[in-house]
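See below for the structure under consideration.
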Amino acid sequence: MMLELTYLSLLPGTVYLAIVGSIVFSVGVFMKRFFNMAPPEVPTLYYRESSLNTYIINKSKLKERHFCPNYFLASRHVQTILPVILPKPEVTYEREYLQMRDKGVIALDWVVHPHVKMKKKTTILVVIPPLTEGASHVTPMTHAAATRGMRAVVFNRRGHGDSFLTTPKLQSYGDPSDLRQLIKYLKMLLPKSPLAAVAYGTGCGLLMSYLGEFGSSSLLTVGVCISPCYDAPARFAAKPSSVYDLLLMVRLKSLLCRHSKALAPVIDVDRAVSTWSYPDFLRNVYGALYGHANMEEFWDMNDPLRDVDDIEVPFLCVNSLDDPICACADIPYDLFKCYPNFLLVTTSKGGHCGFLEGFPPKSWSDSLSLDYVEASVELTTKPSQQSHHRPRFNTVSGQCYSYCNGTAVKSTTRTSRTYLQDMRQKGMSSKTGPASIYRKSGTERFTI
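Residue numbers (the UniProt record's numbering): 1 to 448.
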């Protein structure tokens, strides 16, 4: 060792600098390649030729849009996990509670963006997170939407997103009834604003179910699904087979334990928590809550594709062929080639709800989705196109109520936090039933 050091010390200065320079150069080349973009990929589009698809594709420049993930983002697992752990943009939300017809409550997280001026006809973007997730999971999308001037609101299912249960009921996988009441409420609240919806992962099943069940009366102008699972009955037909499935099962059980007191009168919580089979869990929880006799009956009411042929609004799906959660073999390519308002965009890489590129990494699919939403809204709100493309809107009956600052009465002065405490003490029920909807005036705020 001493001889080697002595030898290096005797080297001429130029040779020594050359060696050091070579090492530094090699490290620099490696780091540049590590952070550099991989060869750009042109996504593949599947659709049926129509004036609607042609306009939206040209307006959004989908055929010219490249997906360029960095080399360190090439792994599908990195693409899937990184969005969960990356720092999120700072977004402030206002929480609003909406009571359903059966006295159940859902939570809405509205983005507060004081630096962007909202117009009367500003697009309202309803963001549906994956099952068991909340606003923090979709903050990059809500931040990007608000920056573009949209009103973004996160839809939290009953008991999800750190909300509470007022009735012994959780929203089933593909039950669109709560989402329907929310959409009608938003249409009554802001009748001139177009409504759009974007869903992620397991949240896509709910959006597909809603768009299919209500068809031309969905009140939505456009729908987008990022990393949807098309064959839900097959995916949830056995025990969790991957780390991702195990994590989902753990999250579902955690949610169940959190609301065990409210659900105990209807389901056997201990039995549901002890199982590690998806069919058994669904049967013990949602089968008991909704009265399904077997799994066939459950999926008849919850399969996202059960009414997919009735979707009448512009509908975009974005999938990665290396998705570790939803198999690419389940993608129904023929479906998108059949209907003139359907569009499928696939990439070879991107993981599940990932599609990250650049440094710092940002979501390529979020930008694509917002461009698609803007193009669809522009097309469907043109006076010359209304009779051909704009969905037919039904009259809103006003049967859902907003709980945010008391019992939805204008004269109330209690804060929402006090109201929630009172609701819990009273067994999560309210006897007040206003005849109309009142907008929130002082809701809870939290920053992510």
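For every residue, glycine included, the Cβ atom is placed at its ideal position computed from N, Cα and C.
By alpha-carbon distance to M301, the top candidate from S320, P279, G174 is G174. Bridge pairing for I124: R151, L195 [DSSP]. Within the region 235 to 311, no run of beta strand (DSSP E) reaches 3 residues while sitting entirely inside it.
Judged by beta-carbon spacing, F67 lies within the 8 angstroms limit of E357, meaning their Cβ atoms are closer than that value. Shown here, V138 sits in a helix according to DSSP, grouped into three states. V318 and T221 have their C-alpha atoms spaced approximately 18 angstroms apart. For V345, the enclosing beta strand (DSSP E) starts and ends at 342 to 347. For Q181, the enclosing alpha helix (DSSP H) stretches over residues 177 to 189. C328 and C229 have their C-alpha atoms spaced approximately 9 angstroms apart. L45 is bridged by DSSP to V345. Take F336, set aside five residues on each side of it, and the residues of its chain with a beta-carbon closer than 6 angstroms to its own are Y46, Y47, F342, L344, in chain order. Closest option to L62, judged by alpha-carbon separation, among V42, R157, V111, I106: V42. Three or more pairs of CB atoms, one per stretch, sit closer than 8 angstroms, so the region 289 to 308 contacts the region 231 to 245. Judged by DSSP secondary structure, F336 falls within the alpha helix (DSSP H) whose first and last residues are 333 to 338. The beta-carbon separation of A238 and S163, rounded to 30 angstroms, does not stay under the 8 angstroms limit for a contact.
A check of alpha carbon separations from V224 across P194, V198, S60 identifies V198 as the nearest. The region 95 to 109 makes contact with the region 166 to 173, as at least three CB pairs between them are under 8 angstroms. Its Cα nearest to that of C326, the residue S227 stands out among L379, F359, S227.
By the neighbour-count criterion, in which a residue is buried when 16 or more other Cβ atoms sit within 10 angstroms of its Cβ, D323 is buried. Beta-bridge annotation (DSSP): C225 is paired with A199, C317.
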